[in-house]
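Participant: Taking my numbering, the leading residue of the sequence shown gets 22, the next gets one more, and so forth.
Here a beta-carbon is modelled for each residue, glycine too, at the ideal position from N, C-alpha and C.
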Amino acid sequence: MAEVQVAILGLGRVGTSVGLALKRYNARAQSKHTFIVTGFSTRPDDTKAAQKRSAVDSIANHPADAARGKDIVVLALPYAEVKAAYEYFAPDLRPGAVVLDFSPLKQEPIKWADKQLKNDAHMIGMTPLFNPAVLFDPVDTADRASEALFDEGLILITPSVTSIPEAIELAADFSHILGSRTKFTDPAEHDVLMAATEVLPDVLGLGYYLALSRATGWGDVQRNTNPTFGALTHSLFDTHPDDLAAILRDSGPDVVRVLDTVMATLRDLRAALAARDHTTLEPVIASAAETYEQWYNRRYHWKFDDDAIKSAEPPGIMSALLGGWVGNKLRNRGSSQDDDPS
């Protein structure tokens with residue numbers, strides 16, 4: 022059984038879940054290779070949590086030490102740390118290594134990777150759309166990690182213009198091993214979509230919190246908070262201010278466009294509320310509830326009639342990596358580790 026050496030840089034919800042999903046794969050009787058996982062995190066609590074749950078086999082104290090000699094590097098660090106991380110680990114990558122970058126935005130990380138990666142190493146962008154079972158659990162902390170986080174989900178694969186087909190294929194195979202379907206998108210399209218669905222909610226939560234916390238009645242308001250308040254403002258809890266600021270900086274123009282639309286809608290709602298115009302509000306709310314339910318059912322069952330989505334269970338997936346680019350390099354390393362064909 023061949024070994025695939027993996028580094029996971031960043032052991033938050035996503036990074037730890039990747040480790041747990043790889044360990045689940047290792048435990049399957051039909052697995053054709055074993056993932057050996059080295060972890061790295063700048064957050065001691067995340068490191069302890071990943072070790073406690075056996076998501077990693079070992080811990081490195083520096084990103085370069087974690088990435089050195091690895092076949093695959095999973096980059097799931099906080100966004101503000103990603104640019105520096107490429108500078109740290111890129112010189113130590115082995116020829117043929119593939120970096121799977123889980124950053125929430127893709128255009129800037131692709132530029133950083135193109136500048137730093139040498140030695141025939143390649144970066145592919147990866148964005149997981151999680152298991153529908155956690156659609157209403159947005160908190161991004163290590164204790165929310167799960168081997169099933171990617172099951173029944175979708176991973177958006179974002180190659181750069183310099184990505185070679187073998188590295189793209191490896192990213193798709195890796196996604197399937199995690200339990201996800203796959204779909205390809207380009208970096209600009211990806212970032213526009215993420216601005217609407219990931220970044221804008223953080224902006225709205227930030228604005229909501231600032232408005233309430235600066236109001237004269239904040240002393241009473243803060244005592245009367247529940248999960249509804251926490252869900253809207255969670256990014257101020259689970260995202261470091263540096264990361265949130267960096268994400269807003271790099272997605273600003275895309276966010277502004279959709280924010281303008283939301284603000285116009287809020288103005289319309291405000292006018293109806295101020296006028297107590299229930300004849301307008303009631304059908305708007307009813308229509309929104311109906312279309313929201315339709316979205317939820319489509320998202321939960323992935324019924325979007327999109328032929329570009331590829332199943333998480335293609336033929337031969339359990340040995341797909343060995344048929345690809347890394348597989349060839351593993352064979353060169355020593356065929357004695359492969360499974361007995363009998």
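1. Looking only at its chain, what residues have a beta carbon closer than 6 Å to the beta carbon of residue 28, apart from the 5 residues adjacent to it on each side?
2. Where does residue 80 sit, in a helix, a strand or coil, going by DSSP?
3. Check each candidate in 39, 81 and 129 and name the one with the smallest Cα separation from residue 211.
4. When the distance is taken between beta carbons, is residue 150 closer than 7 Å to residue 111?
5. Who are the near neighbours of residue 374 in its chain, counting only those whose CB is closer than 8 Å to its CB and skipping five residues on each side?
6. Jot down the residue ranges of each uninterrupted alpha helix (DSSP H) in the region 87 to 115, minimum 4 residues, whole runs only, in chain order.
7. Please report the Cβ distance between residue 156 and residue 320, rounded to the nearest whole angstrom; I am assuming they are in contact, meaning their Cβ atoms lie under 8 Å.
8. Out of 256, 104 and 75, point me to the one whose CA is closest to residue 84's CA.
9. Given this structure, state the Cα-to-Cα distance separating residue 174 from residue 301, to the nearest angstrom.
10. Which of the three DSSP states is assigned to residue 236 in this structure?
11. Could you say which of 31, 30, 61 and 25 lies nearest to residue 44 if we only look at CA atoms?
12. CA-CA distance, residue 120 and residue 278?
13. From residue 144 to residue 287, what distance separates their C-alpha atoms?
14. With distances taken from CA atoms, which of 218, 217, 215 and 246 is nearest residue 230?
15. Would you give the residue range spanned by the alpha helix (DSSP H) that residue 299 belongs to?
16. Run the CB neighbour count on residue 232, radius 10 Å, all protein chains shown included, and call it buried at 16 or more, exposed below.
17. Can you look up residue 26 in the DSSP assignment and give me helix, strand or coil?
18. Run through DSSP, which three-state label would residue 40 get?
19. Note down, in chain order, each residue of its chain lying with its Cβ closer than 7 Å to the Cβ of residue 172, except the 5 sequence neighbours on either side.
20. Can you tell me whether residue 255 is buried or exposed, with buried defined as 16 or more other CB within 10 angstroms of its CB?
21. So, is residue 316 buried or exposed, given that buried needs 16 or more other C-beta atoms within 10 angstroms?
22. With residue 122 as the anchor, note down where its beta strand (DSSP E) starts and where it stops.
23. Just to confirm before moving on: does the CB-CB distance between residue 264 and residue 99 stay below 7 Å?
24. Quick one: what does DSSP say residue 58 is sitting in, helix, strand or coil?
25. Which runs of the alpha helix (DSSP H) at least 4 residues long sit entirely within the region 128 to 160? Give them in chain order.
26. For a quick check, are the C-beta atoms of residue 163 and residue 67 less than 7 Å apart?
27. Mind listing, in chain order, the continuous beta strand (DSSP E) runs of no fewer than 3 residues lying wholly within the region 157 to 199?
28. Classify residue 335 as helix, strand or coil using the three-state DSSP reduction.
29. Cutting at 6 Å between CB atoms, please list the residues of its own chain near residue 176, excluding the five before and the five after it.
30. What does the Cβ neighbour count give for residue 248, buried or exposed, with the cut at 16 atoms within 10 Å?
31. Rounded C-beta distance between residue 207 and residue 179? I'm assuming under 8 Å.
32. Specify the secondary structure class of residue 250 as computed by DSSP and reduced to three states.
Facilitator: Put simply:
1. In the sequence shown, the residue the question calls residue 28 occupies position 7. For residue 28, where only same-chain residues beyond five positions count, the Cβ hits under 6 Å are 59, 87, 88, 91 and 94.
2. For the purposes of this step, residue 80 is taken as the residue at position 59 of the sequence shown. Residue 80 falls in the strand class under three-state DSSP.
3. For the purposes of this step, residue 211 is taken as the residue at position 190 of the sequence shown. Considering only alpha carbons, the answer is 129.
4. Looking up residue 111 in the sequence shown gives position 90. Looking up residue 150 in the sequence shown gives position 129. The answer is no: Cβ separation not under 7 Å.
5. Lying before the first or after the last residue shown, residue 374 is absent from the chain, which here runs from 22 to 363.
6. 103 to 110
7. Stepping through the sequence shown from its first residue, residue 156 is reached at position 135. Stepping through the sequence shown from its first residue, residue 320 is reached at position 299. At roughly 7 Å, the Cβ-Cβ gap stays under 8 Å, so residue 156 and residue 320 are in contact.
8. Taking the first residue of the sequence shown as position 1, residue 84 is located at position 63. The shortest Cα separation from residue 84 among 256, 104 and 75 belongs to 104.
9. Here the question's residue 174 lines up with position 153 in the sequence shown. Here the question's residue 301 lines up with position 280 in the sequence shown. Their Cα atoms are separated by approximately 37 Å.
10. Here residue 236 refers to the residue found at position 215 of the sequence shown. DSSP places residue 236 in coil when its eight states are reduced to three.
11. As a position in the sequence shown, residue 44 is number 23, starting the count at 1. Residue 25 is the option with its Cα nearest to residue 44.
12. Working through the sequence shown from its first residue, we reach residue 120 at position 99. Working through the sequence shown from its first residue, we reach residue 278 at position 257. Computed Cα separation, rounded: 31 Å.
13. Residue mapping note: residue 144 aligns to position 123 of the sequence shown, counting from 1. Residue mapping note: residue 287 aligns to position 266 of the sequence shown, counting from 1. Using only the alpha carbons, I get a separation of about 40 Å.
14. If you number the sequence shown from 1, residue 230 lands on position 209. Considering only alpha carbons, the answer is 246.
15. Taking the first residue of the sequence shown as position 1, residue 299 is located at position 278. First-last of the alpha helix (DSSP H) with residue 299: 299 to 322.
16. As a first step, residue 232 must be located in the sequence shown, where it is residue number 211. Label assigned to residue 232: exposed.
17. In the sequence shown, residue 26 corresponds to position 5, counting from 1. It is a strand residue.
18. To locate residue 40, count along the sequence shown from 1; it is residue 19. Three-state DSSP puts residue 40 in a helix.
19. Within the sequence shown, the letter at position 151 stands for residue 172. The answer, listed in chain order, is 152 and 200.
20. Within the sequence shown, the letter at position 234 stands for residue 255. It counts as buried.
21. Along the sequence shown, read from residue 1 onward, the residue named residue 316 stands at position 295. Burial call: exposed.
22. Residue numbering aside, residue 122 sits at position 101 when the sequence shown is read from its first letter. Looking at the DSSP string, the run of the beta strand (DSSP E) that includes residue 122 is 119 to 122.
23. For the purposes of this step, residue 264 is identified with residue 243 of the sequence shown, where counting begins at 1. For the purposes of this step, residue 99 is identified with residue 78 of the sequence shown, where counting begins at 1. In contact: residue 264 and residue 99 (Cβ atoms closer than 7 Å).
24. As a working note, residue 58 is residue 37 in the sequence shown. Reduced to three states, the DSSP call for residue 58 is strand.
25. 128 to 137
26. Taking the first residue of the sequence shown as 1, we reach residue 163 at position 142. Taking the first residue of the sequence shown as 1, we reach residue 67 at position 46. It is a contact, given that the beta carbons lie within the stated cut-off.
27. 175 to 180
28. Locating residue 335 in the sequence shown gives position 314, counting from the first residue. Only weak support is given to the placement of residue 335: the predicted model assigns it a pLDDT of 46, under 50, and the value that follows is read from those uncertain coordinates. Here residue 335 sits in coil by DSSP.
29. As a working mapping, residue 176 is identified with position 155 in the sequence shown. If we look at residue 176 and ignore the five residues flanking it on each side, its Cβ neighbours are 147, 149, 196, 201 and 203.
30. The count along the sequence shown starts at 1 and reaches residue 248 at position 227. Counting Cβ neighbours within 10 Å, residue 248 comes out exposed, since fewer than 16 surround it.
31. The residue labelled residue 207 in the question sits at position 186 within the sequence shown. The residue labelled residue 179 in the question sits at position 158 within the sequence shown. Right, their Cβ atoms sit about 7 Å apart.
32. Position 229 of the sequence shown, counted from the first residue, corresponds to residue 250. DSSP places residue 250 in helix when its eight states are reduced to three.
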